[in-house]
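Each residue of the sequence shown is one higher than the one before, counting from 73 in my numbering.
Scroll down for the structure; my scribbles are underneath it.
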Amino acid sequence: MASTDHLIDTLANQGWVVCDQTIDATLRHNLYTQSATAWASGNFQQACIGRGASHLLNPAIRGDTICWIDAATTSEAGSNFLSWSTSLQHELNRQLYAGLNSAEFHFARYQTGQGYKKHLDQHQTQRHRKISLVLYLNPQWTDSDGGELCLYAPEDENQEIQRILPQPGRLVLFRSDLFPHEVLPCSQTRCSLTGWFRTDMPPSGSVMPL
């Protein structure tokens, strides 16, 4: 896989970064296969919004289904990705003094017509999520397929600053606490790997699904 220096430099300078050369095609393909196998096995569940008392299902706001990646049971592809993400976490700490102590990742699957309304990834009452990561897994994607990730300005959530097409192997990182964002409805099933680098400690022997 490619060096992460450009990734980290750009993230430090503008708070978000998009790269198409970081994850190699074989790993992308194998992660897509793992996601498809998990879907066929019934391991996905409808994603919720909110936390605590406000934790609820609302597909009109958030339409994806998810499958958490467990470090203890994941496939070789999942293990390879987690190994790479751990190295990236170490580099983020070394170069940016980010104080990251853990990470959580899941596969996400949006069926045709589904999306995710504008939101921040960092919860109001729990601020451990610091850097968001999205890796797009579909073998092919065109402009007409939709499903773009829209980033909005931290100082004005109505000002769109970037619209990112979920092309195969495209990797996106952004500050979880700064950038409101949304997923536009897609016209074919949209598959990704999504997660967050965090500043809290994980439960013993696990990757934290919250």
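Beta carbons: idealized from backbone N, C-alpha and C, even for Gly.
- Beta-bridge partners assigned by DSSP to Ile80: none are found.
- A straight line joining the alpha-carbon of Leu207 with that of Arg100 spans about 8 Å.
- Fewer than three Cβ pairs drawn from the segment 211-225 and the segment 109-119 lie within less than 8 Å of each other, which leaves the two stretches out of contact.
- The C-beta of Ala180 has 16 or more other C-beta atoms within 10 Å across all chains shown, which makes the residue buried.
- Ranked by Cα distance from Cys139, the first of Trp156, Asp249 and Ala119 is Ala119.
- For Thr82, same chain residues with a beta-carbon under 7 Å away, outside a window of 5 residues either side, are Val89 in chain order.
- In the structure shown, Asn230 falls within a strand segment according to DSSP collapsed to helix, strand and coil.
- Gly267: not part of any alpha helix (DSSP H); member of the beta strand (DSSP E) spanning Arg262 to Arg270, first to last residue.
- For His191, the enclosing beta strand (DSSP E) stretches over residues Tyr188 to His191.
- Each residue's CA atom was taken as its position, placing Pro257 and Gln239 some 15 Å apart.
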